[in-house]
Amino acid sequence: MTEDMSPAERYAAAKLRAAEQATALAPFREMYDFDLDPFQVEACQALEAGKGVLVAAPTGSGKTIVGEFAVHLALEQGRKCFYTTPIKALSNQKYQDLVKRYGADKVGLLTGDNSVNSEAPVIVMTTEVLRNMLYSGSQSLIGLGYVVMDEVHYLSDRFRGAVWEEVIIHLPESVTLVSLSATVSNAEEFGDWLDTVRGDTAVIVSEHRPVPLWQHVLAGRRIYDLFEERDGRSGGGRREVNPDLERLARMENSRPTFGRDKRRGRNLREADRERERRQRARIWTPSRPEVIDRLDNEGLLPAITFIFSRAGCEAAVQQCLYSGLRLNDQEGREQVRRIVEARTAGIPDTDLHVLGYYEWLEGLERGIAAHHAGMLPTFKEVVEELFVKGLVKAVFATETLALGINMPARSVVLEKLVKWNGEQHADITPGEYTQLTGRAGRRGIDVEGHAVVLWQRGMNPGALAGLAGTRTYPLRSSFKPSYNMAVNLVSQFGRHRSRELLEMSFAQFQADKSVVGISRQVQKNEEGLAGYRGSMTCHLGDFEEYSRLRRELKDRETELAKQGAAQRRVAAAAALEKLKPGDVIHVPTGKYAGLALVLDPGMPSGRTNGHRGFDAQDGPRPLVLTAERQVKRLASIDFPVPVAALDRMRIPKSFNARSPQSRRDLASALRTKAGHMVPSRHRRPRSEAADDREIARLRTELRAHPCHGCDEREDHARWAERYHRLLRDTRQLERRIEGRTNTIARTFDRICALLTGLDYLEGDTVTDEGRRLARLYGELDLLASECLREGVWEGLGPAELAACASALVYEARQADDAAAPKLPSGKARDALGEMVRIWGRLDALEEDHKISQAEGVGQREPDLGFAWAAYRWASGFGLDEVLREAEMPAGDFVRWCKQLVDILGQIAAAAPPEGSVARTARRAMDGVLRGVVAYSSVG
Numbered sequence: 002m003t004e005d006m007s008p009a010e011r012y013a014a015a016k017l018r019a020a021e022q023a024t025a026l027a028p029f030r031e032m033y034d035f036d037l038d039p040f041q042v043e044a045c046q047a048l049e050a051g052k053g054v055l056v057a058a059p060t061g062s063g064k065t066i067v068g069e070f071a072v073h074l075a076l077e078q079g080r081k082c083f084y085t086t087p088i089k090a091l092s093n094q095k096y097q098d099l100v101k102r103y104g105a106d107k108v109g110l111l112t113g114d115n116s117v118n119s120e121a122p123v124i125v126m127t128t129e130v131l132r133n134m135l136y137s138g139s140q141s142l143i144g145l146g147y148v149v150m151d152e153v154h155y156l157s158d159r160f161r162g163a164v165w166e167e168v169i170i171h172l173p174e175s176v177t178l179v180s181l182s183a184t185v186s187n188a189e190e191f192g193d194w195l196d197t198v199r200g201d202t203a204v205i206v207s208e209h210r211p212v213p214l215w216q217h218v219l220a221g222r223r224i225y226d227l228f229e230e231r232d233g234r235s236g237g238g239r240r241e242v243n244p245d246l247e248r249l250a251r252m253e254n255s256r257p258t259f260g261r262d263k264r265r266g267r268n269l270r271e272a273d274r275e276r277e278r279r280q281r282a283r284i285w286t287p288s289r290p291e292v293i294d295r296l297d298n299e300g301l302l303p304a305i306t307f308i309f310s311r312a313g314c315e316a317a318v319q320q321c322l323y324s325g326l327r328l329n330d331q332e333g334r335e336q337v338r339r340i341v342e343a344r345t346a347g348i349p350d351t352d353l354h355v356l357g358y359y360e361w362l363e364g365l366e367r368g369i370a371a372h373h374a375g376m377l378p379t380f381k382e383v384v385e386e387l388f389v390k391g392l393v394k395a396v397f398a399t400e401t402l403a404l405g406i407n408m409p410a411r412s413v414v415l416e417k418l419v420k421w422n423g424e425q426h427a428d429i430t431p432g433e434y435t436q437l438t439g440r441a442g443r444r445g446i447d448v449e450g451h452a453v454v455l456w457q458r459g460m461n462p463g464a465l466a467g468l469a470g471t472r473t474y475p476l477r478s479s480f481k482p483s484y485n486m487a488v489n490l491v492s493q494f495g496r497h498r499s500r501e502l503l504e505m506s507f508a509q510f511q512a513d514k515s516v517v518g519i520s521r522q523v524q525k526n527e528e529g530l531a532g533y534r535g536s537m538t539c540h541l542g543d544f545e546e547y548s549r550l551r552r553e554l555k556d557r558e559t560e561l562a563k564q565g566a567a568q569r570r571v572a573a574a575a576a577l578e579k580l581k582p583g584d585v586i587h588v589p590t591g592k593y594a595g596l597a598l599v600l601d602p603g604m605p606s607g608r609t610n611g612h613r614g615f616d617a618q619d620g621p622r623p624l625v626l627t628a629e630r631q632v633k634r635l636a637s638i639d640f641p642v643p644v645a646a647l648d649r650m651r652i653p654k655s656f657n658a659r660s661p662q663s664r665r666d667l668a669s670a671l672r673t674k675a676g677h678m679v680p681s682r683h684r685r686p687r688s689e690a691a692d693d694r695e696i697a698r699l700r701t702e703l704r705a706h707p708c709h710g711c712d713e714r715e716d717h718a719r720w721a722e723r724y725h726r727l728l729r730d731t732r733q734l735e736r737r738i739e740g741r742t743n744t745i746a747r748t749f750d751r752i753c754a755l756l757t758g759l760d761y762l763e764g765d766t767v768t769d770e771g772r773r774l775a776r777l778y779g780e781l782d783l784l785a786s787e788c789l790r791e792g793v794w795e796g797l798g799p800a801e802l803a804a805c806a807s808a809l810v811y812e813a814r815q816a817d818d819a820a821a822p823k824l825p826s827g828k829a830r831d832a833l834g835e836m837v838r839i840w841g842r843l844d845a846l847e848e849d850h851k852i853s854q855a856e857g858v859g860q861r862e863p864d865l866g867f868a869w870a871a872y873r874w875a876s877g878f879g880l881d882e883v884l885r886e887a888e889m890p891a892g893d894f895v896r897w898c899k900q901l902v903d904i905l906g907q908i909a910a911a912a913p914p915e916g917s918v919a920r921t922a923r924r925a926m927d928g929v930l931r932g933v934v935a936y937s938s939v940g
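For the sequence shown, our numbering gives the first residue as 2, with consecutive numbering after it.
Next comes the structure, spelled out in structure tokens:
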């Protein structure tokens with residue numbers, strides 16, 4: 002290659018190589034045994050040039066390399082780097098990776114329940130820890146040069162996403178930000194916002210998957226490709242849905258047609274039935290053991306099967322065990338047992354029995370495991386370790402596994418394309434499909450990854466292809482101000498500056514950007530309005546004023562007409578209510594107009610004369626027999642005017658509305674008795690418009706107006722009508738703009754007004770009570786602060802305080818459980834009742850200040866569902882007894898206990914020093930942080 006270059010070109014290339022060798026990137030690249038991808042090099046070069054970077058790339062593409070380069074730069078420059086992740090498991094994993102590379106003395110870890118080497122130059126932490134550091138002005142921020150925000154697309158999470166924006170906005174200007182995101186469709190928009198709040202930011206987007214992904218559908222015994230390449234070349238042609246799949250869908254949806262053929266009779270019908278039976282036998286959803294066995298035969302293991310249910314994951318493992326499935330040989334089983342026993346050596350045997358250890362181990366030895374949030378964290382970590390080592394080959398997981406954990410597989414299986422979203426069963430989105438299937442294909446191990454969707458009845462291959470082929474995953478801000486955020490901001494910046502900072506949020510940036518198109522439309526409308534105004538100009542006078550009079554007259558006439566119609570409907574309904582069975586009436590209009598006999602008056606609400614009533618809003622719906630022998634239920638629309646009984650008839654007890662003979666006899670008697678009767682004609686009352694003074698005044702003014710005599714009056718009026726229609730549309734657009742601009746700041750103002758009323762704020766000053774609130778984080782920060790202020794927890798024991806504090810963090814997975822939760826007796830029960838009372842007062846205050854929980858702002862009702870379990874555990878009861886009473890998986894129990902320890906720590910820090918609550922909270926922490934809750938996930 003170099004031989005073909007001219008001397009000048011060789012000199013330039015040598016100079017470029019020498020320049021590259023002089024950069025920090027050159028020695029960093031040598032630390033890896035593979036070459037960096039172009040997007041990784043581009044991002045690292047931008048970072049070394051002093052720019053912030055946003056890297057958006059598919060799962061498994063290696064974007065964390067850029068984060069690790071930020072660590073490398075910080076150590077080389079003698080500065081600090083904070084590496085933030087959204088979940089503790091990912092923090093623990095990243096900590097282990099960085100310790101292997103740089104040594105334990107240079108790397109620390111800070112999560113809600115772990116603190117390791119917290120003064121190290123490189124610290125891995127959850128994003129909430131960094132947010133709390135920024136608000137408290139932590140000394141650890143001194144010398145901070147880089148912050149890596151891994152999985153930054155978490156800022157769209159509606160529960161925790163605001164934390165990411167708080168960190169991005171409040172980081173010192175001297176800090177360089179590295180944002181790592183999954184592939185999002187609006188990366189450029191997010192990059193524009195980062196440019197605005199953080200300065201020069203390079204946006205690097207890579208759509209390329211390092212390991213190609215193939216999409217399949219498993220139906221019966223066959224694995225079908227979802228797409229079929231056209232135009233000959235694989236990967237280069239046009240992708241279309243596999244016609245075999247479309248044929249399967251048509252076959253399944255078609256109904257069996259075993260009709261009689263008069264010429265060939267029964268033999269043909271039997272042949273058709275047998276053929277269709279054979280065809281349909283090809284379409285079935287294989288069982289979970291069959292799926293794993295089929296993937297094993299095709300060489301597609303290890304695989305992660307996503308099941309959107311914890312119980313489903315556990316059931317899948319049991320089904321595989323019962324089927325006799327074994328994916329490990331004897332050597333693999335022994336390796337699994339050694340690793341598991343080493344990792345669980347610190348757990349007492351009694352707890353292992355309660356945790357279902359032996360059943361779990363049996364599955365692991367066979368190479369099969371579940372992975373979900375209900376599992377003990379240690380168990381989940383063991384599953385992850387064994388899966389990465391290839392000793393677990395089939396994992397059944399909930400979608401939480403797709404969020405960041407480095408656990409790639411050769412194949413990903415989706416059982417269904419529908420999941421419970423907390424409110425209803427909904428189709429998964431293209432973004433969720435991309436996130437889940439992104440786990441397929443291990444870089445450096447697999448040549449290709451495979452996504453397999455199981456055939457389900459009613460499946461639409463075209464819709465599945467749309468899911469698989471769409472890369473629409475927009476990043477949407479979920480940022481909302483909170484009470485804690487408000488006092489911390491006012492404390493540091495004052496009200497005015499805080500308001501400006503909140504207007505810098507990505508949420509407001511997106512809202513303002515959405516207004517741009519509406520503003521352009523308003524501008525066009527205003528130009529149109531100017532043209533219409535010119536066209537309706539009259540040389541005799543102000544035609545706009547004349548047009549206003551015409552509109553007012555029309556509106557008044559319309560209003561009176563509506564009132565008249567409403568009065569007539571009321572009168573007609575009142576007349577119908579007076580009808581009784583046996584009344585002979587004349588139906589004034591409709592399909593069944595004419596003589597009729599009332600069988601049932603059809604009164605609303607309940608039953609009348611044995612017949613079912615109707616909703617009150619429907620009005621009476623009489624059941625009648627017409628003179629033409631039809632029995633029909635009429636509606637109020639058939640009676641535009643009041644109706645009165647012309648006569649009465651006796652309805653025989655033997656009358657049966659379903660009997661044609663009964664209907665014929667009674668209709669004949671009706672015609673004989675009342676056929677000669679002519680209904681009195683309903684006289685319509687005089688229109689109210691004729692006597693209305695307002696209409697008379699407007700008509701007088703209209704006739705007296707100069708423009709009334711204009712020869713082109715109606716032409717001007719048409720232009721005026723267009724003008725006012727466009728003006729109405731423009732006003733609506735302006736209201737939409739007003740509703741979207743400054744929305745975050747307006748919410749902040751309402752929060753500050755409420756806090757001022759409760760003496761947490763005095764203008765730009767944070768009171769002592771406000772400083773206490775500033776140390777309390779979480780959804781129920783204000784409730785916790787009010788409880789401390791009112792001394793609700795004074796005099797409680799450690800277990801009683803643990804029970805009360807649990808209501809601040811716990812949220813039942815399924816809301817509105819019918820059974821009332823079991824509560825401790827005595828002081829704890831009284832304190833919990835007082836907490837609910839205080840919440841009720843705060844809820845009323847929020848309603849007064851228009852602070853809406855529906856918008857993600859405000860205090861939800863405290864959930865007492867974990868109080869008994871927390872009380873029993875903090876009192877020293879055993880795991881077996883506590884879990885049995887709580888009816889809760891061990892993983893959930895441990896997670897809630899760790900959150901309880903966190904809130905107890907906040908209460909200890911915020912409680913008044915003169916009271917007993919701080920001491921009690923620390924003792925409660927010790928009572929909760931024991932046994933399975935205390936097992937550290939970092940070793």
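Using N, Cα and C, we set each Cβ at its ideal position, and we do this for glycine too.
Query raised in the report: Helix, strand or coil for V198 per DSSP?
Result: Indexing the sequence shown from 1 puts residue 198 at position 197. Helix at V198.
Query raised in the report: Nearest to G459 by alpha carbon, out of A220, G879 and V448?
Result: For the purposes of this step, residue 459 is taken as residue 458 along the sequence shown, with counting starting at 1. When each option's Cα is compared against that of G459, the closest is A220.
Report task. Go through its chain and collect everything with a Cβ distance to G347's Cβ below 7 Å, but skip five positions before and after it. Result -> Here the question's residue 347 lines up with position 346 in the sequence shown. Correct list, in chain order: Y936.
Query - V419 versus Y778: straight-line alpha-carbon distance, rounded - result: Here residue 419 is taken as the residue at index 418 of the sequence shown, counted from 1. Here residue 778 is taken as the residue at index 777 of the sequence shown, counted from 1. Taking the straight line joining both Cα atoms gives about 34 Å.
Query raised in the report: With 16 other CB atoms within 10 Å as the buried threshold, where does P349 fall?
Result: Residue mapping note: residue 349 aligns to position 348 of the sequence shown, counting from 1. Result: exposed.
Query raised in the report: How is the beta strand (DSSP E) around F307 delimited, first residue to last?
Result: Taking the sequence shown and counting its residues from 1, one reaches residue 307 at position 306. Element bounds for F307: A304 to F307.
Query raised in the report: Any idea which residues DSSP pairs S917 with across the strands?
Result: Along the sequence shown, one-based indexing puts residue 917 at 916. According to DSSP, which records beta bridges pairwise, S917 is partnered with nothing at all.
Query raised in the report: Mind checking R622: buried by the 16 CB within 10 Å criterion, or exposed?
Result: For the purposes of this step, residue 622 is taken as the residue at position 621 of the sequence shown. Buried is the call here.
**Report entry** Beta-carbon proximity check, I369 vs L415, cutoff 8 Å
**Finding:** Within the sequence shown, residue 369 is the residue found at index 368, counting from 1. Within the sequence shown, residue 415 is the residue found at index 414, counting from 1. Contact flag unset, no.
**Report entry** Alpha carbon of R521 to alpha carbon of E504, nearest angstrom
**Finding:** Here residue 521 is taken as the residue at index 520 of the sequence shown, counted from 1. Here residue 504 is taken as the residue at index 503 of the sequence shown, counted from 1. Those two C-alpha atoms are separated by around 22 Å.
Requested in this report: Leaving aside the five residues before and after V929 along the sequence, list all residues of the same chain whose C-beta is less than 8 Å from its C-beta, in chain order.
Outcome: In the sequence shown, counting from the first residue as 1, residue 929 sits at position 928. Here the set comprises A803, A871, W874, A875, C898, L901, V902 and L905.
Query - C-alpha distance - L172 paired with S137, whole-angstrom precision - result: To locate residue 172, count along the sequence shown from 1; it is residue 171. To locate residue 137, count along the sequence shown from 1; it is residue 136. The alpha-carbon atoms of L172 and S137 are separated by roughly 13 Å.
Query - Reduced DSSP secondary structure (H/G/I, E/B, other) of T538 - result: As a first step, residue 538 must be located in the sequence shown, where it is residue number 537. Coil.
Report task. Kindly list the residues whose CB is nearer than 7 Å to the CB of L880, restricted to its own chain and excluding five residues on each side of it in sequence; keep chain order. Result -> For this step, residue 880 is matched to residue 879 along the sequence shown. Here the set comprises D352, V355, G932 and V933.
Query raised in the report: Could you give the distance in angstroms between the alpha-carbon of E763 and the alpha-carbon of R500?
Result: For this step, residue 763 is matched to residue 762 along the sequence shown. For this step, residue 500 is matched to residue 499 along the sequence shown. Computed Cα separation, rounded: 16 Å.
Query - Buried or exposed by the 16-neighbour rule on C-beta atoms within 10 Å, applied to T202 - result: Along the sequence shown, read from residue 1 onward, the residue named residue 202 stands at position 201. Buried.
Report task. Could you check the C-alpha separation between L789 and T766 for me, to the nearest Å? Result -> Within the sequence shown, numbered from 1, the residue matching residue 789 stands at position 788. Within the sequence shown, numbered from 1, the residue matching residue 766 stands at position 765. Looking at the two C-alpha atoms, the distance is approximately 21 Å.
Report task. Throw me the rounded Cβ distance for the Y147 and V176 pair, which I believe falls under 8 Å. Result -> Residue mapping note: residue 147 aligns to position 146 of the sequence shown, counting from 1. Residue mapping note: residue 176 aligns to position 175 of the sequence shown, counting from 1. Contact flag correct, Cβ pair sits at about 7 Å.
**Report entry** Which of helix, strand or coil DSSP assigns to R923
**Finding:** The residue given as residue 923 occupies position 922 in the sequence shown. Correct three-state label for R923: helix.
Query - Neighbourhood of V895 by C-beta distance below 8 Å, restricted to the same chain and skipping five residues each side - result: What you label residue 895 is simply residue 894 of the sequence shown in a count that begins at 1. Contacts found: L377, P378, V933 and V934.
Query - Member of M678, G603 and Y533 whose CA lies at the smallest distance from the CA of L596 - result: Your numbering for residue 596 matches position 595 in the sequence shown. The option with the nearest alpha carbon to L596 is M678.
**Report entry** Y33 burial status per 10 Å Cβ neighbour count (16 or more: buried)
**Finding:** The sequence position of residue 33 within the sequence shown is 32, counting from 1. Label assigned to Y33: exposed.
Query raised in the report: Between the region 568-584 and the region 636-643, are three or more C-beta pairs nearer than 8 Å?
Result: yes
Query - Cβ shell of S182 (< 6 Å), same chain only, five flanking positions each side left out - result: To locate residue 182, count along the sequence shown from 1; it is residue 181. Hits under 6 Å: A57, V153 and H154.
Report task. Report the partner residues of T988 according to the DSSP bridge assignment. Result -> The question about residue 988 has no answer, for the chain in this structure spans 2 to 940.
Report task. Mind checking which residues open and close the beta strand (DSSP E) that includes K633? Result -> Here the question's residue 633 lines up with position 632 in the sequence shown. Per DSSP, K633 belongs to the beta strand (DSSP E) from V632 to R634.
Requested in this report: Can you grab the Cα-Cα spacing for the pair S660 / A566, in whole Å?
Outcome: Working through the sequence shown from its first residue, we reach residue 660 at position 659. Working through the sequence shown from its first residue, we reach residue 566 at position 565. If I take the Cα positions, the gap works out to 39 Å.
Requested in this report: Check the DSSP bridge columns for E1 and list the partner residues they point to.
Outcome: No answer is possible for residue 1: the residues shown for the chain start at 2 and end at 940.
Requested in this report: Report the three-state DSSP secondary structure of T24 (helix, strand or coil).
Outcome: Within the sequence shown, residue 24 is the residue found at index 23, counting from 1. Correct three-state label for T24: coil.
Query - Length of the line joining the Cα atoms of E166 and S478 - result: Residue mapping note: residue 166 aligns to position 165 of the sequence shown, counting from 1. Residue mapping note: residue 478 aligns to position 477 of the sequence shown, counting from 1. Distance between the alpha carbons of E166 and S478: 8 Å.
**Report entry** At least three beta-carbon pairs within less than 8 Å, the region 721-731 to the region 532-541
**Finding:** Contact between the region 721-731 and the region 532-541 is present: 3 or more CB-CB pairs across the two stretches fall below 8 Å.
Report task. Please report how far the alpha carbon of I170 lies from the alpha carbon of V54, in whole angstroms. Result -> Taking the sequence shown and counting its residues from 1, the one referred to as residue 170 is at position 169. Taking the sequence shown and counting its residues from 1, the one referred to as residue 54 is at position 53. Rounded to the nearest whole angstrom, the CA to CA distance from I170 to V54 is 15 Å.
Query raised in the report: How would you write the range of the alpha helix (DSSP H) that F397 sits in, first residue to last?
Result: To locate residue 397, count along the sequence shown from 1; it is residue 396. Premise fails: F397 lies in the beta strand (DSSP E), A395 to A398, not in any alpha helix (DSSP H).
**Report entry** Rounded separation between L600 and R570 - CA only
**Finding:** By 1-based counting over the sequence shown, the position of residue 600 is 599. By 1-based counting over the sequence shown, the position of residue 570 is 569. The C-alpha of R570 is placed about 22 Å away from the C-alpha of L600.
Query raised in the report: With 16 other CB atoms within 10 Å as the buried threshold, where does Y941 fall?
Result: Because the chain here runs from 2 to 940, residue 941 falls outside it and cannot be looked at.
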